[in-house]
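Undergrad: According to our numbering, the residues represented by the sequence shown are 176 to 333, in order. Backbone N, C-alpha and C fix where the C-beta goes; we use that ideal spot for every residue, glycine too. Below is a structure I'd like to ask you about.
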Amino acid sequence: TESHKLDFVEVLLEYNVPVNLKSNEGLTPLHQAVRDVNTVRFFLENQANVNADDFYGDTPLSLASASHGDLWEVVQLLIASGSDINNRNTSGMSPVWLAAQNYNLKCLQLLIDAKADLGPNYQQKKSSLSIHGASVEFVKRDIIHRLIAAGSDGTLIQ
């Protein structure tokens, strides 16, 4: 259960296990906790680095934004804790891109409200509305409307 997971984390920190210790993949405990808002909150209260990136340049916010789950509370908490909303991973993807790509509307709206950059994915030279390898009919209208309303240029590439 979630309370047992948090108890385990608390014990590790009591024994001075570094809160920002990285795994072989560059993941911190905060990266691995993004599916549980209470554990994320606990790590943040214990000085976890909200902007730590893994070997792919993904921060905890990137992972939460890319999730197909309902992690809007985690995204909201990470933004409020100073997460870089415009961080781009090694593929050039920002949290806005990741949320749009995964049809994560609540997270996308939180990022837009936080004034995330809607500019291009610098490696692919496409805007947040660009569709790579899919036709426009597969794009959710809600995402297009939200991005255009927030000031994206509306470029669609099929």
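1) Can you list, in chain order, the residues of its chain whose CB lies under 6 Å from that of E312, leaving out five sequence neighbours each side?
2) Tell me the rounded alpha-carbon separation between N367 and N277.
3) Can you tell which of D228, Y190, K290 has its C-alpha closest to the C-alpha of K197?
4) Leaving aside the five residues before and after N261 along the sequence, list all residues of the same chain whose C-beta is less than 7 Å from its C-beta, in chain order.
5) What does a CB cutoff of less than 6 Å around Y256 pick up in its chain, not counting 5 residues either side in sequence?
6) With DSSP as the reference, label V225 as helix, strand or coil.
7) In three-state DSSP terms, what is D288?
8) Is T203 closer than 8 Å to Y231 when the C-beta atoms are compared?
9) Whole angstroms are fine: how far does the CA of G267 sit from the CA of E185?
10) Determine the closest residue to V192 out of A241, A223, S258, G201, with distance taken between C-alpha atoms.
11) Grouping DSSP H, G and I as helix and E and B as strand, with all else coil, what is Q333?
12) If I follow the unbroken alpha helix (DSSP H) through I254, where does it start and stop?
13) For A289, I'd like the list of residues in its chain whose CB is within less than 7 Å of its CB, leaving aside the five on either flank, ordered along the chain.
14) Can you check whether the CB of V209 is closer than 8 Å to the CB of L246?
15) Taking all protein chains shown into account, decide if H206 is buried (16 or more other Cβ within 10 angstroms of its Cβ) or exposed.
TA: This is what the structure holds:
1) Taking the sequence shown and counting its residues from 1, one reaches residue 312 at position 137. Reliability of the predicted coordinates at E312 is poor, the pLDDT of 42 falling under 50, and the value obtained from them is presented with this limitation in mind. Around E312: no qualifying Cβ.
2) Because the chain spans 176 through 333 in this model, residue 367 falls outside it and cannot be assessed.
3) Residue numbering aside, residue 197 sits at position 22 when the sequence shown is read from its first letter. Ranking D228, Y190, K290 by Cα distance to K197 puts D228 first.
4) The residue given as residue 261 occupies position 86 in the sequence shown. Once the five neighbours on either side are set aside, the close Cβ partners of N261 are S269, A291, D292.
5) For the purposes of this step, residue 256 is taken as residue 81 along the sequence shown, with counting starting at 1. Reading off the sequence shown, one finds Ser at residue 256, where the question assumed Tyr. If we look at S256 and ignore the five residues flanking it on each side, its Cβ neighbours are L219, V225.
6) For the purposes of this step, residue 225 is taken as the residue at position 50 of the sequence shown. Residue state, collapsed to three classes: coil.
7) In the sequence shown, counting from the first residue as 1, residue 288 sits at position 113. Per DSSP, reduced to three states, the secondary structure at D288 is helical.
8) Position 56 of the sequence shown holds residue 231. Position 28 of the sequence shown holds residue 203. No, Cβ-Cβ distance for Y231 and T203 is not below 8 Å.
9) Translated into positions along the sequence shown, residue 185 becomes position 10. Translated into positions along the sequence shown, residue 267 becomes position 92. Each residue's alpha carbon lies about 35 Å from the other.
10) Here residue 192 refers to the residue found at position 17 when the sequence shown is read from its first residue. It is A223 whose Cα lies nearest to the Cα of V192.
11) Along the sequence shown, one-based indexing puts residue 333 at 158. Low local confidence applies: a pLDDT of 29 at Q333 is under 50, so the model's placement there is unreliable, and no value is given.
12) Within the sequence shown, numbered from 1, the residue matching residue 254 stands at position 79. Here the alpha helix (DSSP H) through I254 covers 247 to 255.
13) Reading the sequence shown from its first residue, position 114 is the one you call residue 289. If we look at A289 and ignore the five residues flanking it on each side, its Cβ neighbours are I254, I260.
14) Sequence index remark: in the sequence shown, residue 246 carries index 71 (1-based). Sequence index remark: in the sequence shown, residue 209 carries index 34 (1-based). Yes; because the gap between Cβ atoms is below 8 Å, this pair is in contact.
15) Against the sequence shown, residue 206 aligns to sequence position 31. Looking at its Cβ environment, which holds 16 or more other Cβ atoms inside 10 Å, H206 is buried.
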